[in-house]
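Start counting the sequence shown at 6; every next residue gets the next number (the numbering used here). Glycine is no exception: its CB is placed at the ideal position from the N, C-alpha and C atoms. Structure record follows, encoded as structure tokens.
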Amino acid sequence: EDRVHACHSDLFAAFTGQKFDVILFNPPYFRGQPGDALDYAWRSVDVPERFAAALPDYLKPNGFALIVLTTKIDIKSFLSAFKAFDVEEVASQHVIGEVWKVYKIS
């Protein structure tokens, strides 16, 4: 409990000046403008790019991010925001009509 911290924030806004060993990120999967407040959980215009741009400032040396994605999206396109990083698929799980995949970003 003292090793895990969960927070609701616009990406890293709540963590100015902090660095982490591991960051778990379950992003909005779909591109586009959210239609309402609930749609922000599913849709975004620029979250992958903003996360990738800010990530180095919030990782400790040898730190990494784990990103959860679904095969219901174009994963290759989503991960193109992380071309400056090493990207490795580290887990996958079949779940009713889709596959959830976890990528390590370092």
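For residue i, three-class secondary structure by DSSP
i: PHE69; result: strand
i: PHE17; result: coil
i: SER82; result: helix
i: ASP26; result: strand
i: PHE90; result: coil
i: ALA11; result: coil
i: THR75; result: strand
Among the options, the one whose alpha carbon lies nearest that of residue i
i: VAL92; options: ALA70, ASP7, PRO66 and LYS77; result: ALA70
i: SER14; options: PRO32, VAL27 and ASP7; result: PRO32
i: LYS109; options: GLY22, ASP26, TYR34 and THR21; result: ASP26
i: LEU74; options: LYS88, LEU60 and GLN98; result: GLN98
i: VAL95; options: LEU84, ASP62, ILE72 and ILE78; result: ILE72
i: ALA11; options: ILE28, ASN67, ASP41 and GLU54; result: ILE28
i: GLY22; options: VAL50, ASP7, ARG8 and TYR63; result: TYR63
i: LYS24; options: PRO66, LEU84, SER85 and SER111; result: PRO66
Nearest-angstrom beta carbon gap, residue j and residue i [assumed within contact, 8 Å]
i: THR76; j: VAL104; result: 4 Å
i: ALA59; j: PHE30; result: About 11 Å separates the two Cβ atoms, so there is no contact after all.
i: ALA57; j: PHE87; result: 5 Å
i: ILE78; j: PHE35; result: 6 Å
Residue i versus residue j: straight-line alpha-carbon distance, rounded
i: VAL107; j: SER82; result: 15 Å
i: TYR45; j: ALA19; result: 18 Å
i: GLY102; j: LEU84; result: 21 Å
i: PHE113; j: GLY68; result: The structure shown does not extend to residue 113, since the chain is modelled only from 6 to 111, so the question has no answer here.
i: PRO39; j: ARG55; result: 16 Å
Cβ-heavy atom distance, residue i to the ligand ZN, below 7 Å
i: LYS65; result: For the structure depicted, the ligand ZN is absent and the ligand set is empty, with no information on it obtainable.
Start-end ranges of the alpha helix (DSSP H) lying completely within the region 33-62, minimum 4 residues
52-59
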